[in-house]
Structures are given as C-alpha cells and as structure tokens.
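A short worksheet on the structure shown next.
Here it is as structure tokens:
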C-alpha cells in the first residue's frame, strides 16, 4: 500500500550558509496582495516622514581661522584636503577626514582673494590684496625649511580672482582686467579688457577648456576664448554678479550668483535671456558651486543660509542654516558629490551633507535596496498633498522667514501693477 | 570692399547656430578671412608692401592696400628702424610752406612701389575711410563668438543623452573592474633575446598567435561564426524547450494517475469528440489516412464484438445482477456496461473508441490529451533511450520526408543520425523561439509602462529648443517649525487638516441650497479631482479564504443552551430596536439628500400685509420653486445598507487635487500611480529595474568634469542604433 507523505525538496527552503537570508517563497498572485496603491502610499508617506526626521545635514565645523574665510579650493586629486584663505592673508590646509588643520601659512598681506589647486595636485596658486600671485608647493616644508612660495609674480593692480586651466599650465586672474598667464612666465600671455571696469571673478570652462567667463563690476558677465585676442560676448544684468560657475557636465551652461538675491543660469550661446532664474535667497548671493554630477548646485548667501538648487529648478530643494553661521562667503561641493563645504564670516568652515537625510558610509546591500525603493516611492507619490507637504517642509530662522514673506508680498504687488 | 564684407559679417550674429551646414561653412570662411586681417596689417607695418605674403594678399583681396595705408599713417611713429630718410614725415620740403610732392618720395621707393604710385596718380578716386577700432573689434568679437558657439554646440547630443538617461553612473570614464586580459598586459612586450626570437619564428611559421596569445586564427573564425551571446541565447532556448517538455511529461504523468471514474468518463467523451473531428478533417485532407483509420476502427469494433467485455457476463456483472433487484446503483452500472458495448459495436464514425479495451491503452491516450503532439510522434530509431531528444515542436513537410528516408536506412549509421536529428530539432526549437521573440517584441511595449512614462516626462522636459528648460521645482514650504521626530510630521498633517477642512464645510452648506445645480457642479468638480477610487482602477478583489468549520455538530443540549443565550441577549437589549433605528437613520439620510422646495414669497408685496395675514395661495405657488427630481440613491434597492455619496473628507486630504505638472491627462498620471513597485508585487528583477536610482556615484571617487572622450562615445552610440537583438542579449535571463 502506498502511503502519501508530505515531502518537500530541501533545495527550496534550506539556506546554503547560515549567513544567507531566509528564503521566502513568494506568490505573486495579485489577488493575494490587494490594495497595492494604498499600501505603497502609506509606505511613501512613512518614507518621507523618516527622511525629514533623519535630515541632519550638519556634520562638522572647522575652526582655526582668525578672520572671516574669504575663499576656498578643493584639492584636485585628493578628496580629503581642503584649502581655505581668510581675510587676514592666512591660508590653511585642512584634512577633512580628521577634521583638523594640517598646515597654516601666511600667504598674503591683506585678503587672500583666490586659491586654486593645479590640476596635478602638487602645487597651488594664491592671489591676494598685496598685488601678488604666488605659487606654493602642496607638500608642507620639511624640518628647518622655510615656508616660501615657489614663485611670486608682482602685478600692477590688485587681483580679485583666480582660476586654473584643467589640463595645461595656464591660469587666469582677474582684477582691473582679465589676464591669462603661462606658468613659466612672469607676464600675462593675454589680457582682456572691455570697458574700464574691474572684475570680481573668473572661471575656466571645465569641459570646453579654452573658454572663460568673468563677472565685472559694471553688472556684466563677459565670455572669453583663450585663443582669441578679444573677448567674445558680454551680457549686462540689472545688478552685479558676484561669482559664476560652469556646469561641469554640460559645456554651455553656467550659473551666476547675483546681487539681486537670485541666481541665473545662462546658455552661453544665447545670452539674451537666462534659461532659468533661481530665486529663494533673501539677500545677495555671494558664491555658487556646481555638484560634480552637474545636476545641482549650491549657493551661499549674505542672508546666512546655504541653498541647494536643481540645475533646472527655479526654487531650492534644500536650505541649510545654523544659529551660529553668519554671512556665507564661499561654498564648495566636494568632488565625490557627497558633501558641501561652506566658509563664512565668523571664521568657520562647515561641512554639510549634500543629501540631508542620507546615511553616510558603506551601505549594506539590503540597506541600499531599501533606500532606492523608498526614493522611488517618494518620487512616485510626490504629488500627493500629504507627501508633498512633509517633504517640502523646512525650518527657517524667524528673520529670514519674515524677510522671505515680505519679498513675496513685494513681488506680488509688482506683478499686480 | 572691405567695408562691404564687414557689413555682411555684422548681420551674422542674428543667425543661429542651428542654420544649415552650408551657411556654417560660409561663416567659417568668412571668419578665416577676418582673422587673417590683423596679421596682414602687422606685416604691412613691418616690412612694406612688396614683401606682403601672396597668400595673405589672396585672402584679403585688393582692398588690403587701402586698409594698410590707413593704419600706416597713424602708427608709423613706432617704427624702430633707424631709417629716418624713408619716412614721409622725415622728408622735408624745401622752403617754408612748401608741400611734399610725391616725387620727393620717389627715389627712395622700389621699382614696384613706383609703379603703384604711378597707377595711383592716374586714378582720381579717394580712398574709403577705414573702420574705427571699436567697429573692427566688434566684428572680430562677433565672428569669434559664432565660432565658439558652434564649437560648443557639438556637446548638445551628449547633454541630451544624459538628460534622458535612465541612470547616470559617475565618475564617467570608469575602467571595467576585474582582471585584464593577458593580451592587453603583454601588448607592449617584444622579443629580444635570440631564443625568444626563435620561438616567435616557430610560432609564426605555424600560424600560432603571438600578440593575442589565447586564440588561434581557427578559433577566432569559430568565434566569428557564432558570438558568445548568440550561443547563450541558443542554449537558453534549448533549455527552455527541455523544461517545457519535462513539464508536459510531468503533467501527463499526474494526469494518468487520476482514478476518478467520472473524470475518466468526461475525459473519454471529450477525446472521442476530438477524434471524430480529426477524422472528419482527415476525410477531407488525407483520404488514404482516413481509410486506414477507418480500418483500425473496424478492427476495434470487431474485437469488441468478439470479446465478452461489457456484455455483462463476467463475475462482477453476475454479482451485480443478483443485487440489481434491490440496488439501483448496481442496476445503473449494468446499464452503463451495456451502453458502452452498444456504443463500441456501433458501426462507422460513431463507434470510434477502440482504445478502451485495456488500461494501458487508456493511459497512453490520456497522455496524448495533455501532451503536445510532438511528444507522441513516432520515436526515432536512434534516440529511444534519451527522453530529451523526443521533443519536437513543429514539423515541416521536408523534415517528414527526411525522416522517412532515414527510417528506410534504419539503424545503419546510428550515431550520425542521432547527431543530425539533434541539430534538426534544435533548429526547429530555435525557429519557434524566433517567432515567440517577435511576439514579445510587441509585448515589451506594454511591459514597460512605467519606464515609458518616465521617458514621456523627460521628453516633455526636454524640448527641441535648448533655452527652454522646464522648471518643475516648487518652492519649499518654509516655516518656523522644525521636524525632529515622527510626531512632528503628524502634527504637520494635523495643521494641514484644519486648514483644508474649512472650505469643505462651505461647500456642503451651499449644496443644500440649490441641489440640482450643485449636483452637476459637484459632478464636474469630482471629475476635476483625482479620486483614490479612480486611481485604483483595478478593483481589489475580495479574497475568499475557506474557513475551517470550528463548531462541531451541535447536540440538542447545546441547542438549548444557545437558545437560552439568545434569549438572554434579547432580554438584555430589549430596549433598543436596532433594525428600526437603522431604518430611521437611513430615512433621515435620504431626506437630507433630497432637494427641497424653496419658498421665496415675501408677504405684503402686491397685496395687503400685516399681522395675521398670510400671502395668498396663488402668490405662494408662484414664488415657490419646485424641487428638482431627486437623484436615485445608490442604496435605494439595498435596504440593509447606507451608502454615502458625499466626498469623504478624511480621504480627500490624501488625494491629489489637480493634475500635477508634467502630465497631460489624468490617465497618464493614474497609470504612473497604478503599478506597484515593491517586492510584494514584483519579482526581484523587476524591482531592481524599477528602483534603479537616477544617479549613482562611487563612494570616495573623484568625479571629473566631462572630457572629450564622452563626445566621441556619444557619437559612436548614435552611429549604431539600438537593436532588438541587443535587448535580447541583456534580458535573456529574465525571459527564461
């Protein structure tokens, strides 16, 4: 007689090792898993709530400067180093992982106006109020050696900005005019003028490396080609732009930080009108830097906040502020797209997360999967009022909140007229 | 002439970079011309006209002389040569007030210059004034800008590609991980010692690989003949076919084991019908085969008639016959037996069933029912032992012929035959799959509804003009409250509720007043809103789970107990009549929902008014608006249910009130919401695909700005279109 016994193939339920997760046989019959939309909605809502709860962007503050931080530079080959120059001419090199200063040097008399690291990462250039350009070694001097620049170029006028070519030994400075320098020479290879105004910042295009753009004090932005004898084009705005930044992934877009509280993204081929106007700041925008992925940029403002904008969004997706942070003068987005560094008036450099609620460090596979799923859920249900409301809620200091309100009222009134 | 040219160029800035290629070329020529001009001027100043570069002359044209001259007159002071005599300013006229004549300068000029001076003397035309410095600079600028703009525009395709990409992985140019093939490592190395050279000579002579030390030419050829991917696809398809076959076999086996008589009966009936049908077809298509079949049938009938089966003469039948008097079942069984006999002995088409004689036959027939035809095809001589090789999906005429031939040749070349058949079968399988793949091609479109939709959105945001970037960011809702815990988010919601609740109330008050209007309006409004019910287009089916009966049969005592309990409950709740309460409530709701008549009569107008006087009936009738027909309630025919047709406020809070930005209609939006993403509903692979993050960065890697390589890459990608085959390669794993 045949006896029927329940039997299962152990392959279906036995783990190979005890470190494997338990096998869960699944039945995808939709009738067994009803209310999929409602359940996913609940999950999305929870995910957004948790995102807000875990949004703790502030990581560390680096103190050590004895005056306001005026400029910063990322190391071109090393993620953990940062260079910062202050208003008293002091330059500091920081180790970000240890969060400590590794080297201090008196670079200039007066402000350090600009720092830039050479593409190879072995030396860096600084300009200051003492009309000099100095090249320094990245390595700190050995025992007994004096801290001395490799080269010093004495200019005729004050230099206000500096940028280095991405691949060649060429750098550009700005001041009374925009100069292109060869590293080997002590006089500029080219100098561009257009009118008599002074310039506040100059930037090389990281993609089309021969192009430059500068912000002039006559409210204009001027484009140059290093190979041409004359500047290319100029756009005059209603107020002065402080700095600009090229999109590192999209050759012809750049964004400038303007005195009129907003940022403008331009297509360099068509300067008649900006592509996007990014507004949310309530005071002059002082600095801007693109994320290395070219998807977003961060801006620093006189209103003591930092905002992150999507490159094609008119409003910010994030606002960072702390009680102690004063006017933010310079800002950088780290080269691994994870962190934001801000230097402010009150002598501190702050380290922020670029994604406020992101978990730092190495994620386990399942953690990452869950994060991806939650992200997609949030995206999917982003238009639902509850999700939207929670996701977009931000705390603001009282005065900025009221100022923003006031500005909104003013804008409305102007529009009505 | 120069002037004319410059005018042409001045117009240029108006032209976009997207003008045709022809105009671009023109532009470039122009720009070269202009770029050459300053150099020409410099030459002029330094060396005099006779040394002018002939190429430059060509480029600049006959006008160059004029331009050069204009500059010379202004700038000559800067000349560093110690040649005072040469300068026209150095030439002194004799006596005061006298002018310099051309002849004074003549002796110093060369022959060529003299000739030119003579021609100049003859012509009376005055020269055009040169352009001012600002003007020329502007021209240079414009030309240079146009050049740069076109240069930069070549990035457009890359940028667009990146915008549309499902996923971007940074840093951009990552080297593939894993060990490098040895040929790459060895590539730089060369034979130096005589021994090495000798070895290489031998290798060369024997056509052995040198630079690529893994593959011989023959091997390479074989690789070319069938790529790895193709082989993979082939293998996968064969695998699937085998799996299918074994599945069929298993099914057939299971089927065979079913012992239910009823099942068998039904089964056989169906089969018979099927056979009849087949036979009918055969008569039409293949009369010979039909005849044979008929013969078979006849044989079956004869056998049946000869045998004593179904004649009710066996042991079992006799025992039944005894019982038949009292037992209806037995009678029935006997009847059935006779019926079967009758059926089987009937002549021709109706008496087809000949395989019921013994169990084994029957079983085989059963398998026939379930299995596809190929399983039961005549087995080939070669591979009887190998169950895998029996499978055939479709059969073509030619192959039939082949097989028949092979049958004639019989087992002479067993092994070879086996091989051939294998190949044949494989090919057939592959063909089958090719067809299926084509079908799937269409199906994929449906499958990837979500990704398609995202692409639609992206397509919307990415419009032909570069300037129009659509801004879909909304302002942050900045407030003075800080979210620190989950409770805070709850509070946020609550404040939201209190905010939104008010307008709802107003709406309801209005609804009471003018019922009809609002009802239509409401309908409209409802249409405008997206309701959760509509968003969930697929009705959630109620899962019916068979409940295990938990109560045992109730004995009489228990019944009594239960009655007692019921009585107790009745006693306890004697006061409240639940049913009537419910009915009352329902009536109330109905009444509230009914539109009411509105009396607008004002006393005193057109007649006497005052205390105790009522407006006349006529007037009242006149100013009384009749109520509109009440809409039939959904629960009108359901006495036990109250269905509220009013909006549920608690749900509206979570509903989307208006169509969000990138979507064009509700269907689009709803379709994005409809399909779930989680692993409760999707397989692991689809979840992975659906939850792919937009941007992936590597931990601790520096992301360099985009380089020239990307441009080349994108151009290559453009050159080779995305083929269906490629898709198959990537997804073959999913299909199987």
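Protein chains in written order, with full-length UniProt numbering: chain P, 1 to 417; chain C, 1 to 736. Virtual Cβ for every residue (Gly too), placed ideally from N, Cα, C. Only a predicted model underlies this, so the values are computations on that prediction, with no experimental measurement involved.
Nearest-angstrom beta carbon gap, residue 400(P) and residue 492(C) [assumed within contact, 8 Å]: Their Cβ separation, rounded to whole angstroms, is 20 Å, which puts residue 492(C) and residue 400(P) out of contact at 8 Å.
Of all the residues that make up the region 698-713 of chain C, which are near chain P by a beta-carbon distance shorter than 7 Å? 699, 700, 701, 702, 703, 705, 706
Strictly under 8 Å for the Cβ-Cβ distance: is residue 473(C) near chain P by that measure? yes
State the DSSP-derived secondary structure class of residue 279(P), mapped to helix, strand or coil. strand
Three-way DSSP call (helix, strand, coil) for residue 114(C) in this model: helix
Nearest neighbour of residue 140(C), chosen from 252(P), 229(P), 41(P), 346(P) [CA to CA]: 229(P)
Residue range of the unbroken alpha helix (DSSP H) whose run includes residue 93(P): Not the alpha helix (DSSP H): residue 93(P) falls in the beta strand (DSSP E), residues 90-95.
Residue range of the unbroken beta strand (DSSP E) whose run includes residue 178(P): 178-182
Within 8 Å of any Cβ in chain C, is that where the Cβ of residue 22(P) sits? no
Could you list which residues in chain C have their beta carbon closer than 9 Å to that of residue 28(P), in chain order? 680, 681, 682, 683
Helix or strand or just coil, what does DSSP make of residue 164(P)? strand
Chain A contacts from the region 258-274 of chain P (Cβ-Cβ distance under 7 Å): Here chain A cannot be found, since the structure's protein chains are P and C.
To the nearest angstrom, how far is it from the Cα of residue 202(C) to the Cα of residue 190(C)? 15 Å
Whole beta strand (DSSP E) elements within the region 279-345 of chain P, 3-residue minimum: 285-290, 296-301, 306-310, 318-320, 328-333, 339-344
Would you say the region 292-312 of chain P touches the region 263-277 of chain P, given that touching needs at least three Cβ pairs under 8 Å? yes
What residues in its chain sit with their C-beta under 6 Å from that of residue 154(P), if we drop five residues either side in the sequence? 132
For residue 135(P), verify whether its CB is less than 7 Å away from any heavy atom of the ligand SAM. As far as ligands go, the structure on display features none, and thus does not contain the ligand SAM.
Going by CA-CA distance only, name the one from 257(C), 665(C), 614(C) that's closest to residue 2(P). 257(C)
First and last residue of the uninterrupted alpha helix (DSSP H) at residue 156(C): 156-164
Please go through the same chain and pick out, in chain order, the residues whose beta-carbon is closer than 6 Å to the beta-carbon of residue 275(P), but skip the five residues on each side of it. 265, 267
What residues in its chain sit with their C-beta under 8 Å from that of residue 421(P), if we drop five residues either side in the sequence? Nothing can be reported for residue 421(P), as the shown portion of chain P is limited to 1 through 417.
Is there a C-beta anywhere in chain P that falls below 8 Å from the one on residue 27(C)? The predicted position of residue 27(C) is uncertain, since its pLDDT is 42 and thus under 50; no value can be drawn from it.
Check whether the Cβ of residue 152(C) lies closer than 8 Å to any Cβ atom in chain P. yes
Under 8 Å by beta carbon: chain P residues contacting residue 484(C): 53
Could you confirm whether any beta carbon from chain P is found closer than 8 Å to the beta carbon of residue 592(C)? no
Whole-Å CB distance - residue 669(C) paired with residue 663(C), under 8 Å assumed: 4 Å
So what's residue 143(P) in DSSP terms, helix, strand or just coil? coil
So is residue 686(C) in contact with chain P if we call contact Cβ pairs under 8 Å? no
Looking only at DSSP bridge pairs, what is residue 259(P) linked to? According to DSSP, which records beta bridges pairwise, residue 259(P) is partnered with nothing at all.
Let me check understanding here. Comparing Cα to Cα, which of 273(P), 270(P), 328(P) lies closest to residue 289(P)? 328(P)
Members of the region 211-242 of chain P that neighbour chain C once the beta carbon cut-off is set at 8 Å: 211, 223, 225, 228, 229, 230, 231, 232, 233
Where residue 479(C) meets chain P, residues with beta-carbon distance less than 9 Å: 393, 394, 395, 396, 401
Can you have a look at residue 667(C) and say buried or exposed, based on whether 16 or more other CB atoms are within 10 angstroms of its CB? exposed
Can residue 217(P) and residue 198(P) be called in contact, C-beta distance under 8 Å? yes
Note down the Cα distance separating residue 146(C) from residue 163(C), rounded to an integer number of angstroms. 25 Å
Once you ignore the five residues that flank residue 72(P) on each side, which residues in its own chain have a CB closer than 6 Å to its CB? 84, 330, 332, 343
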